[in-house]
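For the sequence shown, counting from 1, position 352 maps to 352 in this note's numbering; every step adds exactly one.
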Amino acid sequence: MSENKNVLICIGTRPEAIKMAPVYFEFLKSGYNTKLCVTAQHRDLLDQVLHFFKMTPDFDLDLMTPNQTLNKLSSRILEDIDKVFIEHKIDLVLVHGDTTTSSIIALAAFNRKIKVAHVEAGLRTYNKYSPFPEEMNRQLTGRLADFHFAPSETAKQNLKKEGVALNSILVTGNTVIDALKVTSGILDKGFNNTVIQNLKEKVNFNKKIILVTGHRRENFGEGFESICNALVEISKDENVELIFPVHLNPNVQEVVYNRLSNLPNVHLVAPLDYPTFIWIMKKAHLIISDSGGVQEEAPTFGVPVLVTRTVTERQEGVAAGCSFLVGTNQEKIVNKAKEILSHTKENNNNLNPYGDGNASKKIVDFFKNRTW
Ligand code: UD1
Ligand code: UDP
């Protein structure tokens, strides 16, 4: 047991906050001296999640700047996280996934010989530029990490092939399902807010709902133009309603608002708080998205996802027939959407290939059951 050790959970963006919330609360329960650090690589999107889960950071580096470059953000994280490490004698840092926050904090921790645990480890496309820069962020974090929490057996095998010691890997399932379990429980008790009320005034929920998101850097420019053209085409079907919470990245905002404003059944809205987004996901007939987290969540509700990417590190969903890789090709997106829309929605509560909702407990037990 190492309960007198200082554990630092580090997050920066919306998905990291969602997926690390259950891990953070499990660590708090465990008796370890646990602190939460946010880089605030995202500000608004992160704060939405902190508010919902009632998480108060012990350290807030408040680093986001408009249209930040990867290098500027990286250098600021590297400098500021070091002060936290020095002042608070951190023994173990937990980072998540494939963001700049994760890879740079893992590097900073390594430089101080602080142990690094990587949650959502081992996902790979082995394509350096897709997703960009996430594939390399995740690989680099994996090289720097001492402990690897793989969401699936495939992820574990990737790490094993790369020479990672087997006793440092644990297959846990994805913590996103832990978060979803909590959120679904809240929704099941009846959930309402002004955003939902406003949506109900604008959107006919008796029609087929298509939920759309997009934010990947490799899709900026031509890719996003093509996705928007596909959405225009799909919206010509008067039996559908599209709801598109638009990511705050200016590269996304510009093209989406230029191309899709003023279509009567395309509803462009600000990024939704997490429970509201899941509330809509449950009602959706189809999702069109390049998001990692969305690919993992949708199978729980049996909602098919057209993945607007050419490769995915989440192959389990594709193999299980939950998601379909369509890239950014207009014709491919439209044809597959029409095919899915022509079927009645199959409901619900499906087995999710990404986890069973107990990942966070497995992560904390891993540390409790060994000396480190
Ligand atoms: C980041 C992650 C990506 C993750 C995504 C989740 C990296 C390199 N990218 O991408 O892996 O999938 O988050 O959404 O780590 N912005 C705001 N307010 C916010 C958030 C973003 O205004 O709350 C704008 C800012 O202008 C910011 C820009 O979006 O500079 C880009 O944010 P950044 O975190 O660099 O990249 P994302 O595309 O959001
Ligand atoms: N999400 C949200 N509000 C939105 C869009 C997405 O709460 O308007 C949630 C979604 O449920 C998922 C996560 O944000 O858990 C995915 O984040 P994003 O797509 O930004 O990043 P990725 O998963 O691709 O890294």
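Glycine included, every Cβ here is placed at the ideal spot set by N, Cα and C.
Here's the rule: buried if 16 or more other CB atoms are within 10 angstroms of the residue's CB, otherwise exposed. What is residue i?
i	result
Glu222	exposed
Asn174	buried
Leu70	exposed
Ile86	exposed
Pro57	buried
Arg14	buried
Ser75	exposed
Lys368	exposed
Phe147	buried
From the DSSP output, in three-state form, read off residue i for me.
i	result
Met1	In this prediction, Met1 has a pLDDT of 49, which is less than 50 and means its spatial position is unreliable; nothing more can be read from the coordinates.
Leu242	strand
Lys361	helix
Thr376	Limits of the chain in this structure are 1 at one end and 372 at the other, which puts residue 376 out of reach.
Asp91	coil
Ala117	strand
Leu325	strand
Val171	strand
Phe147	strand
His267	strand
Leu63	coil
Ser289	strand
Lys156	helix
Leu187	helix
Gly215	With the sequence shown as reference, residue 215 is identified as His, and Gly is not the correct amino acid for it. Here His215 sits in coil by DSSP.
Leu351	coil
His51	helix
Lys208	strand
Ser235	coil
Quick one: Cα of residue i to Cα of residue j, how far?
i	j	result
Arg112	Ile227	44 angstroms
Gln253	Glu16	22 angstroms
Thr312	Gln295	10 angstroms
Ala359	Tyr24	12 angstroms
Lys160	Ala121	11 angstroms
Met1	Ser103	With a pLDDT of 49 at Met1, under the threshold of 50, the predicted position of this residue should be treated as unreliable, though the coordinate-derived value follows. Taking the straight line from one Cα to the other gives about 28 angstroms.
Ile177	Pro151	10 angstroms
Val318	Gly293	14 angstroms
Ala40	Pro66	12 angstroms
Leu351	Pro299	7 angstroms
Ala145	Ala106	7 angstroms
Glu225	Ile169	41 angstroms
Phe277	Ala179	13 angstroms
Ser30	Val364	7 angstroms
Gly137	Glu238	Just to set this straight, residue 137 is Asn in the shown sequence, not Gly. Each residue's alpha carbon lies about 42 angstroms from the other.
Lys332	Val195	32 angstroms
Lys115	Val38	18 angstroms
Thr310	Ile90	40 angstroms
Beta-carbon within less than 6 angstroms of residue i's beta-carbon, same chain only, minus the 5 sequence neighbours each way: which residues are those?
i	result
Leu263	Ser235
Val266	Ser235, Leu242, Leu260
His247	His215
Thr34	Val7, Phe27, Leu28
Arg124	Asn158, Glu313
Leu78	Ile104, Ala108
Arg217	Phe132
Val269	Pro245
Lys282	Phe301
Can a CB atom of chain C be found closer than 8 angstroms to the CB of residue i?
i	result
Val240	Here there is only one protein chain, and chain C is not present.
State the start and end residues of the unbroken beta strand (DSSP E) segment that holds residue i.
i	result
Leu263	It is not in any beta strand (DSSP E) - Leu263 carries neither H nor E in the DSSP assignment.
Asn369	Premise fails: Asn369 is in no beta strand (DSSP E) and is neither H nor E.
Val7	6 to 11
Val307	305 to 307
Suppose the cutoff is 8 angstroms on Cβ atoms and the five residues either side in sequence are ignored; what does the same chain contact list for residue i look like?
i	result
Ala337	Ile210, Ala230, Ile234, Leu286, Ile288, Leu306
Ile280	Leu199, Ile209, Leu211, Ile243, Leu272
Asn4	Asn33
Val334	Ala230, Glu233, Ile234
Gly357	Gly173, Ile177, Asp178, Leu180, Lys181
Asp44	Leu248, Pro271
Considering residue i, what are the terminal residues of the alpha helix (DSSP H) in which it resides?
i	result
Ala411	Lying before the first or after the last residue shown, residue 411 is absent from the chain, which here runs from 1 to 372.
Val294	292 to 297
Phe277	274 to 283
Val195	194 to 202
Ser102	100 to 111
Val164	Here Val164 belongs to no alpha helix (DSSP H), and DSSP marks it neither H nor E.
Glu316	315 to 319
Cutting at 7 angstroms between CB atoms, please list the residues of its own chain near residue i, excluding the five before and the five after it.
i	result
Ala428	This structure does not reach residue 428, given that the chain is present from 1 up to 372, and the question cannot be answered.
Val240	Lys207, Lys208, Ile210, Ile234, Asn265, Leu341
Pro275	Phe52, Thr183, Ile186, Leu187, Phe191
Leu73	Gln41, Leu63, Thr100
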